[in-house]
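Number of protein chains: 2
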Amino acid sequence: MPVTINEIAKAAGVSVATVSRVLTNNDHPVNEATRQRVLNLANEMGYRPNMMARSLKTDRTLTIGIIVDNIISPFTPTMIRGIQDHLKQAEYFSVVINSDWNPETETRAIHDLISRSIDGIIFVESFLREPNPTLDLANKPYVFVHRIFGNVHRNSVGVDERYGAQLAMDHLIKLGHRRIGFINGPAGWHASDTRYLGYKETLAQNNIPFDPELVVEGDWEVQSGFPAVKHFLGLSARPTALFAANDFMALGAIYALQDEGLSVPGDIAVVGYDDREIASLSRPTITTVRMPCYEMGEASAKLLLGMIANQARSAEPVKVQGKLIVRESCGAEKGKRTADTYHSQTTPRRLLMRKRRPST
Amino acid sequence: MPVTINEIAKAAGVSVATVSRVLTNNDHPVNEATRQRVLNLANEMGYRPNMMARSLKTDRTLTIGIIVDNIISPFTPTMIRGIQDHLKQAEYFSVVINSDWNPETETRAIHDLISRSIDGIIFVESFLREPNPTLDLANKPYVFVHRIFGNVHRNSVGVDERYGAQLAMDHLIKLGHRRIGFINGPAGWHASDTRYLGYKETLAQNNIPFDPELVVEGDWEVQSGFPAVKHFLGLSARPTALFAANDFMALGAIYALQDEGLSVPGDIAVVGYDDREIASLSRPTITTVRMPCYEMGEASAKLLLGMIANQARSAEPVKVQGKLIVRESCGAEKGKRTADTYHSQTTPRRLLMRKRRPST
DNA sequence: GTGAAAGCGCTAACAT
DNA sequence: ATGTTAGCGCTTTCAC
Chain P
1065 MPVTINEIAK AAGVSVATVS RVLTNNDHPV NEATRQRVLN LANEMGYRPN
1115 MMARSLKTDR TLTIGIIVDN IISPFTPTMI RGIQDHLKQA EYFSVVINSD
1165 WNPETETRAI HDLISRSIDG IIFVESFLRE PNPTLDLANK PYVFVHRIFG
1215 NVHRNSVGVD ERYGAQLAMD HLIKLGHRRI GFINGPAGWH ASDTRYLGYK
1265 ETLAQNNIPF DPELVVEGDW EVQSGFPAVK HFLGLSARPT ALFAANDFMA
1315 LGAIYALQDE GLSVPGDIAV VGYDDREIAS LSRPTITTVR MPCYEMGEAS
1365 AKLLLGMIAN QARSAEPVKV QGKLIVRESC GAEKGKRTAD TYHSQTTPRR
1415 LLMRKRRPST
Chain S
1065 MPVTINEIAK AAGVSVATVS RVLTNNDHPV NEATRQRVLN LANEMGYRPN
1115 MMARSLKTDR TLTIGIIVDN IISPFTPTMI RGIQDHLKQA EYFSVVINSD
1165 WNPETETRAI HDLISRSIDG IIFVESFLRE PNPTLDLANK PYVFVHRIFG
1215 NVHRNSVGVD ERYGAQLAMD HLIKLGHRRI GFINGPAGWH ASDTRYLGYK
1265 ETLAQNNIPF DPELVVEGDW EVQSGFPAVK HFLGLSARPT ALFAANDFMA
1315 LGAIYALQDE GLSVPGDIAV VGYDDREIAS LSRPTITTVR MPCYEMGEAS
1365 AKLLLGMIAN QARSAEPVKV QGKLIVRESC GAEKGKRTAD TYHSQTTPRR
1415 LLMRKRRPST
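So the protein lines, in turn, are chains P and S.
Under this note's numbering, residues 1065 to 1424 are what the first sequence spells out, in order.
Under this note's numbering, residues 1065 to 1424 are what the second sequence spells out, in order.
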């Protein structure tokens, strides 16, 4: 049913070789008139290349695999979008597979992807964090993008967590705060340890003495903001600001402060980390450091495409930086709501929908 | 480099036909001893079928296309996950493409997917809502799954919004409420109109007179909860409960009520719709009707796979039902926090990560 | 500048 | 029960 180059060749009165040369923009010279004739015919006849046949010959599919932890994870879809947008300009497609952090599933996925002759793989928050012999043997390039573990490998994209923490701390310090409580994530996590580093470094840079009493460890969840606040309020010299290593703990802290009758940011300023949806829905909305998921995705796709193009087996690791999003929980102009107050991060599509809403 | 059936045939001392028959579980009879020999050899030699070659021959790729509005949309990843989980048991893969609600992008995507010989397409929240001649001509089955427009086509999956609204209303009525304010979405939206229907029907079923003063129209956003509450509080006979057509407006209503010094659910009960993440993070957490995204995805994959298997061009439309999630904003036992209070919906993965966290 | 032909790895008639 | 062989649609040497 679908049109093949054979039929076009017949219609144009040339050989399939010529048609192929025209249609693939081969550097082999082709008479300009012939080229046009073929091009027009292909267009008229509605020719669509059969990628299977092409791939069988060239062993390239213009498709890469994206092995993600779980497409439902909060940061993952944005990373995928970053990858896909970058792939698009190179006409690449992507197959998305969930690994659920299961090494067997991941191995299986790798094999299946090789079976499908994909041109490379991006591992997003993978369990796997080391060179993979199967892929190396199949000569398929791959890169890692890791929020959780940072740069895990030469070919990987990570986040500059120290920079992110410094962004938050600088903001607080510029607002005049000198006693800043830090609600960290559990020790041993890359994110906790590096953000902690950023916290301490920024204090040092500003000649503010480090006080271990101002650091508590949470478990990333909202609840852990409560004991943290209890601790801080019990200190003889209370902090005037709080930096939480994620938005959930920041939210818990805000709730706890409000329970004590304290106002945020009036009495105590709060900064979070991640820029989860809640940060723009809570009261007050939360100043935070945005996790640059989209950019990480883009960077990883760029890395992989580069490796594919250069037949390279390795690439320089990339570290992406987040940015500070100032909202009501500290630093926003008094009485003035920030632009996205109470707006979900998905507003753009809603607007789009409204415009195109059916008249019925 | 990779092992082919040719090499296995040579190694086993049989023809490629036999190897193919064994490896594809063809019904053609094969001697059991030979079968075992081939199987072992394939295993030892690390044989992986070349899907490109197989597909070129069979015109089946075990891959479907998923054209989504935008993978970052709040409901979309869950739908994709539902699709993928169902596909998995049939060993199907999926290529995900963002259409951004752009008809040209969608058309382009359809062509590209046909080029790649995919076996079918699932349109998730697509702009396209009608039979597609290109796909029909290519004889590729497709189904729609639409949260926004409901069942748009014979081969489609929608949500039973009336049922969802009834769930919310029944809950409120069982709690003793008889004056229930309804904050609807904008008129003309399928979701608004059908939820409104459910609202009115449930009132009728319970012999509660319908009072147009108890219905206001919001714009789906948090802000629109504020004027709604202002209106309700201005009535001579105030409602004792509010049903908002989505969680964002429910949140805005809660904020507005709290601004007036009223307690939720103490003074006024509130029910939302969708079960967005915010519903389990706000104070109080919000009782709501869960949008059955995962189930919709599953249902659509089931529909499509069925059509592929039966060579069918059409299938019975499916309507999926959501369910009520009771939280603090009404109906939860006094003083007792519901299980997911302050927990994000992504907790499971976090727990998983914690267990497998590196010791360093 | 053009064409003939080999062949990518596999499946499925059609033999035997 | 097994083998031979013709392609699937395309790219790419190699020859002209």
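Ideal Cβ positions, reconstructed from N, Cα and C, are used throughout, including at glycine.
Using a Cβ-Cβ distance cut-off of 8 Å, the segment 1307-1315 of chain P and the segment 1271-1290 of chain P are in contact, since at least three pairs of beta carbons, one from each stretch, lie closer than that value. Residue ranges of uninterrupted beta strand (DSSP E) with 3 or more members, entirely inside the segment 1250-1312 of chain P and ordered along the chain, are 1279-1281, 1305-1308. Along the segment 1066-1091 of chain P, the alpha helix (DSSP H) occurs as fully enclosed runs of 4 or more residues at 1069-1076, 1080-1087, listed in sequence order. Collapsing the DSSP output to three states places residue 1146 of chain S in a helix.
Segment contact: the segment 1100-1119 of chain P against the segment 1070-1079 of chain P, three or more CB-CB distances shorter than 8 Å; contact assigned.
Within chain P, not a single residue places a beta-carbon under 8 Å from that of residue 1196 of chain S; the smallest gap is close to 14 Å. Taken through DSSP and simplified to helix, strand or coil, residue 1358 of chain P comes out as helix. Going by DSSP, residue 1228 of chain S is part of the alpha helix (DSSP H) stretching over 1225-1238. For the segment 1324-1355 of chain S, the set of residues with a beta-carbon nearer than 9 Å to any beta-carbon of chain P comprises 1340, 1341, 1342, 1345, 1346, 1347, in chain order. The continuous beta strand (DSSP E) containing residue 1127 of chain P extends over residues 1127-1132. Unbroken alpha helix (DSSP H) runs of no fewer than 4 residues, entirely contained in the segment 1326-1374 of chain S, are found at 1357-1373, following chain order. Measuring C-alpha to C-alpha distances from residue 1308 of chain S to each of S:1320, S:1335, S:1322, S:1323 identifies S:1335 as the nearest.
In this structure the segment 1156-1165 of chain S does not lie against the segment 1335-1349 of chain S, because fewer than three pairs of beta carbons, one per stretch, are closer than 8 Å. Fewer than three Cβ pairs drawn from the segment 1201-1216 of chain S and the segment 1240-1249 of chain S lie within less than 8 Å of each other, which leaves the two stretches out of contact.
Against chain S, the beta carbon of residue 1179 of chain P has neighbours under 8 Å at 1112, 1113, 1114, 1115, listed in chain order. Boundaries of the beta strand (DSSP E) harbouring residue 1158 of chain S: 1157-1162, taken from the DSSP string. Counting C-beta atoms within 10 angstroms of its own C-beta, residue 1208 of chain S has 16 or more neighbours from the protein chains shown and is therefore classed as buried. For the pair residue 1141 of chain S and residue 1305 of chain P, the Cα-to-Cα distance works out to about 36 Å.
Within the segment 1069-1095 of chain S, no residue has its Cβ closer than 8 Å to any Cβ of chain P.
Residue burial annotation: residue 1127 of chain S is buried, with at least 16 other C-beta atoms found within 10 angstroms of its C-beta.
At least one CB of chain S lies nearer than 9 Å to the CB of residue 1148 of chain P. Boundaries cannot be given for residue 1204 of chain P, as no beta strand (DSSP E) includes it and DSSP labels it neither H nor E. Residue range 1167-1179 is occupied by the alpha helix (DSSP H) that includes residue 1174 of chain S. Annotation for residue 1102 of chain S: the continuous alpha helix (DSSP H) segment containing it runs 1096-1108. For the options P:1353, P:1152, P:1145, P:1267, the alpha carbon positioned closest to that of residue 1188 of chain P is the one of P:1145. With respect to the 9 Å criterion, residue 1280 of chain S and residue 1330 of chain S are not classified as neighbours on the basis of their beta carbons. Per DSSP, residue 1120 of chain P is one residue of the alpha helix (DSSP H) stretching across 1115-1122. Residues 1335, 1351, 1388, 1390, 1394, 1395 of the same chain have their beta carbon placed closer than 8 Å to that of residue 1235 of chain P, with the five preceding and five following residues left out of the count. Boundaries of the beta strand (DSSP E) harbouring residue 1388 of chain P: 1387-1389, taken from the DSSP string. Shown in chain order are the members of the segment 1203-1231 of chain P whose Cβ falls below 9 Å from a Cβ of chain S: 1203, 1212, 1213. Under the 9 Å criterion on CB atoms, residue 1321 of chain S is classed as non-interfacial with respect to chain P. Straight through space, the alpha carbons of residue 1272 of chain S and residue 1227 of chain P are spaced by roughly 59 Å. Taken through DSSP and simplified to helix, strand or coil, residue 1212 of chain P comes out as coil. Cβ proximity to chain P below 9 Å picks out nothing from the segment 1256-1272 of chain S.
Using a CB distance below 7 Å, no part of the segment 1288-1310 of chain P faces chain S. For residue 1142 of chain P, the chain S residues whose Cβ falls inside 9 Å of its Cβ are 1135, 1136, in order along the chain.
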